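Before any comments, here is the structure.
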Amino acid sequence: MMCLECASAAAGGAEEEEADAERRRRRRGAQRGAGGGGCCGARTAGAAGVATADDEVQTLSASVRRAPSGPPSTPSTPSCAAAAKGPGAQQPKPASLGRGPGAAAAILSLGNVLNYLDRYTVAGVLLDIQQHFGVKDRGAGLLQSVFICSFMVAAPIFGYLGDRFNRKVILSCGIFFWSAVTFSSSFIPQQHFWLLVLSRGLVGIGEASYSTIAPTIIGDLFTKNTRTLMLSVFYFAIPLGSGLGYITGSSVKQAAGDWHWALRVSPILGMITGTLILVLVPATKRGHADQLGGQLKARTSWLRDMRALIRNLIFGAITCFTGFLGVVTGAGATRWCRLRTQRADPLVCAVGMLGSAIFICLIFVAAKTSIVGAYICIFVGETLLFSNWAITADILMYVVIPTRRATAVALQSFTSHLLGDAGSPYLIGFISDLIRQSTKDSPLWEFLSLGYALMLCPFVVVLGGMFFLATALFFLGDRAKAEQQVNQLVMPPASVKV
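Numbers 1 to 498, taken from the UniProt record's numbering, label the letters of the sequence shown in order.
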């Protein structure tokens with residue numbers, strides 16, 4: 001509705017404003033009802049008699065956004081400006097200091113480092129835990145098994161919650177939860193080992209919330225190549241946190257003289273990170289789903305989501321089964337080959353790596369014509385690839401003395417992640433994008449470009465097989481040196497009488 005001041009101004013200068021409006025219509029093309037006064041559409045309405053109230057508000061918004069190209073007009077009155085702004089007008093929000101996407105990604109990556117640091121701190125002081133509670137290897141293995149089982153069960157639940165509720169609140173609550181549980185577990189009496197097992201299960205629930213939801217926030221903060229880079233930084237926290245977990249566990253234990261203090265470092269850092277997430281990480285929208293509002297959420301359910309995702313579980317099931325089968329097969333093959341050669345361990349690893357490279361190449365060939373054939377190649381290739389997991393750890397135990405094995409495992413874990421899954425997702429995506437830039441944009445080339453980029457993997461696997469063959473040349477000598485050092489540590493000097 002026009003105010004009285006605007007109406008009188010429009011009536012007083014109708015002829016002049018009509019000519020002015022005609023000139024503006026020629027300049028602005030399809031835009032209608034442009035006027036020269038404070039309530040622009042009102043003056044045109046007084047002259048032409050056809051503009052509606054919506055046209056007036058739209059014209060006013062256009063005149064505010066654009067500098068007027070015509071002669072100077074009568075300034076609008078405060079009442080006109082207030083009426084024109086209306087309830088639907090949106091005012092730009094000032095940017096909050098420290099709440100940019102880059103800062104949010106850095107905080108989320110820090111939280112992921114703490115997740116893995118806490119997870120592997122227990123591994124760094126595992127021998128001390130066994131001695132304190134008087135448990136054997138089976139009890140020590142139960143700590144990790146309970147953690148993984150609770151993690152797997154809780155992950156789908158947090159996935160459901162993360163798709164429907166405030167994600168940064170869930171993240172912060174998850175960090176606060178596992179931090180409190182880990183800190184409390186450092187005070188468990190030695191006669192209550194079952195409480196420590198229970199606490200590791202609860203920690204798995206808390207960490208599942210983070211690992212499930214945090215990547216989706218980064219995915220909504222960035223797009224295309226920037227998103228790939230930020231996700232690579234986020235997942236680089238896996239080797240970094242794992243290595244720091246071993247280092248923190250052993251270092252804090254030595255500094256404090258008590259392994260319990262190793263479990264009190266990550267909770268303090270976790271509380272700080274959880275607070276930073278609440279304060280500095282913006283409440284991002286979930287991609288296009290938030291643009292549709294509640295309509296999309298009302299049309300989908302958890303069962304429907306699971307039915308849509310179940311189609312991708314075939315690859316996951318194959319990977320889980322071949323992981324178990326590969327470890328068992330590799331261990332059995334090594335025991336059989338040890339009867340024939342002392343270099344059996346690295347040779348079995350080399351055969352597994354080189355054989356898997358062949359089937360990994362065949363995956364992309366078979367996928368063009370038969371998905372079943374591709375799954376068969378995946379099954380055989382992954383079985384051969386996973387056959388060296390236990391053997392590699394066994395080789396490490398042979399060539400490293402017992403007092404340095406924890407450090408060696410930490411170094412091996414850090415190096416393997418650093419040279420493997422830390423940077424490989426970004427590298428594969430980068431190569432795929434380069435291939436796609438030189439081809440036409442089509443679904444077929446999206447598939448082919450990624451397939452060609454993944455052909456880098458078999459060459460790296462072959463390189464790994466060659467390193468295992470080289471290991472076979474030095475394996476016996478290194479094992480003999482390690483055994484000699486162990487004997488020197490165990491046996492007293494010759495000058496000492498026993």
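Each residue gets a CB set at the ideal place from its N, CA and C atoms; glycine is no exception. In this text, all values refer to a predicted model and were calculated from it rather than measured experimentally.
Whole-angstrom C-beta distance between residue j and residue i, which should lie under 8 Å
i	j	result
Ala367	Val462	At roughly 20 Å, the Cβ-Cβ gap does not stay under 8 Å, so Ala367 and Val462 are not in contact.
Thr273	Ala262	Incorrect: roughly 18 Å between the Cβ atoms, too far for contact.
Ala208	Phe133	Not confirmed; about 25 Å, so no contact.
Tyr245	Leu142	The sequence given here has Gly at residue 245, not Tyr. That pair is no contact at about 19 Å.
Val399	Arg479	6 Å
Leu278	Ser172	5 Å
Trp259	Asp128	4 Å
Ala393	Phe468	About 14 Å; that fails the 8 Å criterion.
Ser179	Pro267	4 Å
Ser449	Ser432	5 Å
Gly241	Asn115	6 Å
Ile395	Leu280	So it is not a contact: roughly 45 Å between Cβ atoms.
Met455	Phe364	7 Å
Ile435	Tyr375	The Cβ separation is near 25 Å, so there is no contact.
Ile360	Gly330	At roughly 17 Å, the Cβ-Cβ gap does not stay under 8 Å, so Ile360 and Gly330 are not in contact.
Asn112	Ala255	Incorrect: roughly 25 Å between the Cβ atoms, too far for contact.
Leu161	Gln342	About 54 Å; that fails the 8 Å criterion.
Residues near residue i in its chain [Cβ-Cβ closer than 8 Å; skip 5 each side]
i	result
Leu411	Gly243
Pro87	Residue placement at Pro87 cannot be trusted, given a pLDDT of 44 that sits under 50; the coordinates are not used to answer.
Ile217	Ala104, Leu108, Arg167, Lys168, Leu171, Val281, Thr284
Ala214	Leu108, Gly111, Asn112, Leu171, Phe234
Where residue i sits in the DSSP three-state scheme
i	result
Ala340	Note on identity: in this sequence residue 340 is Arg, with Ala being the wrong assignment. Here Arg340 sits in coil by DSSP.
Gly100	coil
Asn487	helix
Phe459	helix
Ala262	helix
residue 499	As shown, the chain starts at 1 and ends at 498. That puts residue 499 outside it, with no answer to give.
Asp220	helix
Ala478	According to the sequence provided, residue 478 is Asp. The question's Ala does not apply to it. Helix, per DSSP.
Asp433	helix
Asp441	coil
Ala472	helix
Ala333	helix
Gly249	helix
Pro346	helix
residue 553	The question about residue 553 has no answer, for the chain in this structure spans 1 to 498.
Pro282	coil
Thr369	coil
Ser449	helix
Gly46	Reliability of the predicted coordinates at Gly46 is poor, the pLDDT of 40 falling under 50, and the value obtained from them is presented with this limitation in mind. Helix, per DSSP.
Ser387	coil
Val400	coil
Gly352	helix
Gly381	helix
Cys40	Interpretation of Cys40 is limited by its pLDDT of 39, a score under 50 that renders its predicted location unreliable; no figure is taken from the coordinates.
Gly257	coil
Same chain, Cβ closer than 6 Å to residue i, neighbours up to 5 away in sequence not counted
i	result
Val181	Ser199, Leu202, Val203
Ile318	Ile378, Phe379
Thr439	Trp445
Gly174	Gly206, Ser209, Tyr210
Thr383	Thr322, Leu325, Gly326
Gln130	Ala140
Asn487	none
Ile401	Ala482, Gln485, Val486
Gly235	A quick correction: the sequence has Tyr, not Gly, at residue 235. Hits under 6 Å: none found.
Ser61	Low confidence applies here, because Ser61 scores a pLDDT of 36, under 50, leaving its location unreliable and the question unanswered by this model.
Phe176	Gly274
Arg338	Ala344
Val125	Gly249, Lys253, Trp259, Ala262
Cβ shell of residue i (< 7 Å), same chain only, five flanking positions each side left out
i	result
Ala283	Asn166, Lys168
Leu354	Val462, Gly465
Phe222	Pro101, Met230
Thr334	Ala344, Asp345, Val348, Ile391
Val135	Phe193
Ala453	Ile428, Ile431, Ser432, Ile435
Val265	Thr248, Val252
Leu269	Leu114
Ser185	Leu196, Ser199, Leu263
TODO: Pick out the complete alpha helix (DSSP H) segments inside the segment 112-190, 4 residues or longer, and give them in chain order.
DONE: Here the runs fully enclosed are 126-133, 137-162, 167-185.
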